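Worksheet for the structure shown next.
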Amino acid sequence: MQIHGVEQRSLWYDEAGATLRIIDQTRLPFEFCIVELNDLAAVCEAITTMQVRGAPLIGATAAYGLALALRDDHSLAAQRDAVTALLLTRPTAINLQWALQRMVSSLQHIPRGEVYRAALDLAAQLCEEDIATNRRIGETGLALIKQLADEKQTEKPEGQAEVPVNILTHCNAGALATVDWGTALAPIYLAHQQGIAVHVWVDETRPRNQGASLTTWELARQDVPFTLVSDNSGGHLMQQGLVDICLVGSDRTTANGDVCNKVGTYLKALAARDNQVPFYVCLPVSTIDWGLATNGDEIPIEYRDPAEVTRVLGEDDSGVLHTVRIAPQNCPALNPAFDVTPARLVTGLVTDHGIFAATPAGLAELKDELEQTSGVDAP
Ligand code: MRU
851 MQIHGVEQRS
861 LWYDEAGATL
871 RIIDQTRLPF
881 EFCIVELNDL
891 AAVCEAITTM
901 QVRGAPLIGA
911 TAAYGLALAL
921 RDDHSLAAQR
931 DAVTALLLTR
941 PTAINLQWAL
951 QRMVSSLQHI
961 PRGEVYRAAL
971 DLAAQLCEED
981 IATNRRIGET
991 GLALIKQLAD
1001 EKQTEKPEGQ
1011 AEVPVNILTH
1021 CNAGALATVD
1031 WGTALAPIYL
1041 AHQQGIAVHV
1051 WVDETRPRNQ
1061 GASLTTWELA
1071 RQDVPFTLVS
1081 DNSGGHLMQQ
1091 GLVDICLVGS
1101 DRTTANGDVC
1111 NKVGTYLKAL
1121 AARDNQVPFY
1131 VCLPVSTIDW
1141 GLATNGDEIP
1151 IEYRDPAEVT
1161 RVLGEDDSGV
1171 LHTVRIAPQN
1181 CPALNPAFDV
1191 TPARLVTGLV
1201 TDHGIFAATP
1211 AGLAELKDEL
1221 EQTSGVDAP
């Protein structure tokens, strides 16, 4: 992503300083702040407190966390302890497990004395793959936006200015949620770069407001037109014909096509179905939990601190940050961070290998495709 005219990733390893650097997402949009993570404890803390967040970025960060744990102690015991600690940071996004499994299975072939360097190289490779994967998701999803743009162009009255494709998105599934490009925002960035008129409705995404604080921030940096809306507006906008397509990300997708994503995604999918608005989920295949073939009920849903619901962080007009309470003192609150959208509400899965139906047959077709291209059985 471009920030102040400079290409910027959400995380990168600084070889000279032997440190992992991240954009601290808890400080956005108020302050652009790069933070150094120097050991496993700092990485675990950064994932838990959501300085880094978003399924693919959590996986990439965890890979570096494992590498940092092996810097001073190359033992298998240290490796196992690090994996256990990292797995406890956030339970829902499967990319965390996926990245750690890839690291562990590659490291088993490496002499213990060389595991630190090998782990760093492997983490770097995962990051490069993440960027390439997201770009392919972007290219796949671009075709959907192009088609809508063509239809709108044909239908508009003669002489009327170009009408943008209106896209609704939830949470932040952009560059900040990945190493770069994002998943749901990748097709939007490519469309914008190709001169297709797009406009994004950004759900604020209570309670942590990833839409309001992160998605708006990164769309503005790429000059993509957008409007922030309250979480409850989506249904109304769809009834008014103001949404052409919904594009969201996923933290875990089951082998029958159920999609777990940021809480509130399900309600948008219901409203989309009621209003015949196509509802697509953009995801790398690393987000698919092939072991869950029945339905999304088995996905562990993260419940976060209720204080995230009763309090909000904001900046006053003098630029001073405050956390304020918006509910009565001691108000009971519940904070599920994710929900599951049943496959029947998903129009299609936009992946780095093409668009697939959110059905057992669609996922089986994708699995076949993966096995043919890699020559090994998909996990
Ligand atoms: O709690 P978060 O901010 O980590 O949740 C992020 C999301 O729900 C994203 O939509 C999801 O990870 C897909 S990101 C490419």
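Per this note's numbering, the sequence shown starts with residue 851, numbered consecutively. By construction, the Cβ of each residue, glycine as well, lies at the ideal position given by its N, Cα and C atoms. No experiment lies behind these values; they were computed from the predicted model shown.
heavy atom of the ligand MRU below 8 Å from residue i C-beta
{"i": "C977", "result": "no"}
{"i": "V965", "result": "no"}
{"i": "Q858", "result": "no"}
{"i": "C1021", "result": "yes"}
{"i": "A1062", "result": "no"}
{"i": "S955", "result": "no"}
{"i": "L946", "result": "no"}
{"i": "F1076", "result": "no"}
{"i": "M900", "result": "yes"}
{"i": "K1112", "result": "yes"}
{"i": "D1032", "result": "Note that residue 1032 corresponds to Gly in the displayed sequence, not to Asp. Correct: G1032 has its Cβ closer than 8 Å to the ligand MRU."}
{"i": "L1040", "result": "no"}
{"i": "I908", "result": "yes"}
{"i": "T939", "result": "no"}
{"i": "A1119", "result": "no"}
{"i": "G904", "result": "yes"}
{"i": "A949", "result": "no"}
{"i": "F1188", "result": "yes"}
{"i": "R1058", "result": "yes"}
{"i": "S1136", "result": "no"}
{"i": "T1144", "result": "no"}
{"i": "A974", "result": "no"}
{"i": "A932", "result": "no"}
{"i": "S925", "result": "no"}
{"i": "A1027", "result": "yes"}
{"i": "D1101", "result": "yes"}
Residues near residue i by beta carbon distance below 6 Å, same chain, minus five either side
{"i": "T1104", "result": "D1139, L1142 and G1146"}
{"i": "A1036", "result": "N984, I987 and G988"}
{"i": "K1002", "result": "V1013"}
{"i": "A935", "result": "C894"}
{"i": "N888", "result": "T869"}
{"i": "L970", "result": "A917"}
{"i": "S956", "result": "L972"}
{"i": "R1123", "result": "L1195"}
Residues sharing a beta bridge with residue i, DSSP
{"i": "L1035", "result": "L1035 pairs with nothing; no bridge assigned."}
{"i": "W948", "result": "BP columns for W948 are empty, so no partner."}
{"i": "G1164", "result": "H1172"}
{"i": "P906", "result": "P906 pairs with nothing; no bridge assigned."}
{"i": "Y1130", "result": "L1097 and G1198"}
{"i": "N1016", "result": "H1049"}
{"i": "L887", "result": "L870"}
{"i": "F1188", "result": "K1112"}
{"i": "Q901", "result": "Per DSSP, none; premise fails for Q901."}
{"i": "I1138", "result": "T1103"}
{"i": "I853", "result": "V856"}
{"i": "Y1252", "result": "Past the edges of the chain, shown from 851 to 1229, lies residue 1252, and the structure says nothing about it."}
{"i": "G1024", "result": "G1032"}
Residue span of the beta strand (DSSP E) that contains residue i, given as start and end
{"i": "D1053", "result": "V1048 to D1053"}
{"i": "L1116", "result": "The sequence given here places Tyr at residue 1116; Leu does not occur at that position. Premise fails: Y1116 lies in the alpha helix (DSSP H), T1115 to D1124, not in any beta strand (DSSP E)."}
{"i": "V1109", "result": "V1109 to K1112"}
{"i": "T1103", "result": "R1102 to T1104"}
{"i": "T1077", "result": "F1076 to V1079"}
{"i": "W862", "result": "L861 to D864"}
{"i": "T869", "result": "T869 to I873"}
{"i": "G1204", "result": "G1204 to F1206"}
Cut-off 7 Å between Cβ atoms - residues of its own chain near residue i, not counting five sequence neighbours on either side
{"i": "E1068", "result": "M851, G1024, A1025 and L1026"}
{"i": "I998", "result": "The amino acid occupying residue 998 in the given sequence is Leu; Ile does not appear at that position. Hits under 7 Å: V1015, D1094 and I1095."}
{"i": "P1150", "result": "P941 and T942"}
{"i": "Q1089", "result": "N1125"}
{"i": "W948", "result": "G909 and S1136"}
{"i": "L920", "result": "A928, Q929, V965, Y966 and A969"}
Own chain, CB closer than 8 Å to residue i, minus 5 neighbours either side, in chain order
{"i": "V1113", "result": "P1186, A1187, F1188 and D1189"}
{"i": "Q958", "result": "none"}
{"i": "F1206", "result": "G1198, L1199, G1212, L1213, E1215 and L1216"}
Alpha helix (DSSP H) segment containing residue i, residue limits
{"i": "L994", "result": "V965 to E1005"}
{"i": "I897", "result": "L890 to T898"}
{"i": "Q1089", "result": "G1084 to Q1089"}
{"i": "D931", "result": "L926 to L937"}
{"i": "G1146", "result": "First-last for G1146: undefined, no H or E at that position."}
{"i": "E1219", "result": "P1210 to S1224"}
{"i": "R1058", "result": "No alpha helix (DSSP H) holds R1058; DSSP gives it neither H nor E."}
{"i": "R1071", "result": "T1066 to R1071"}
Closer than 9 Å to chain C by CB, residue i
{"i": "G1032", "result": "Although the question refers to chain C, the structure presented lacks it and comprises just one protein chain."}
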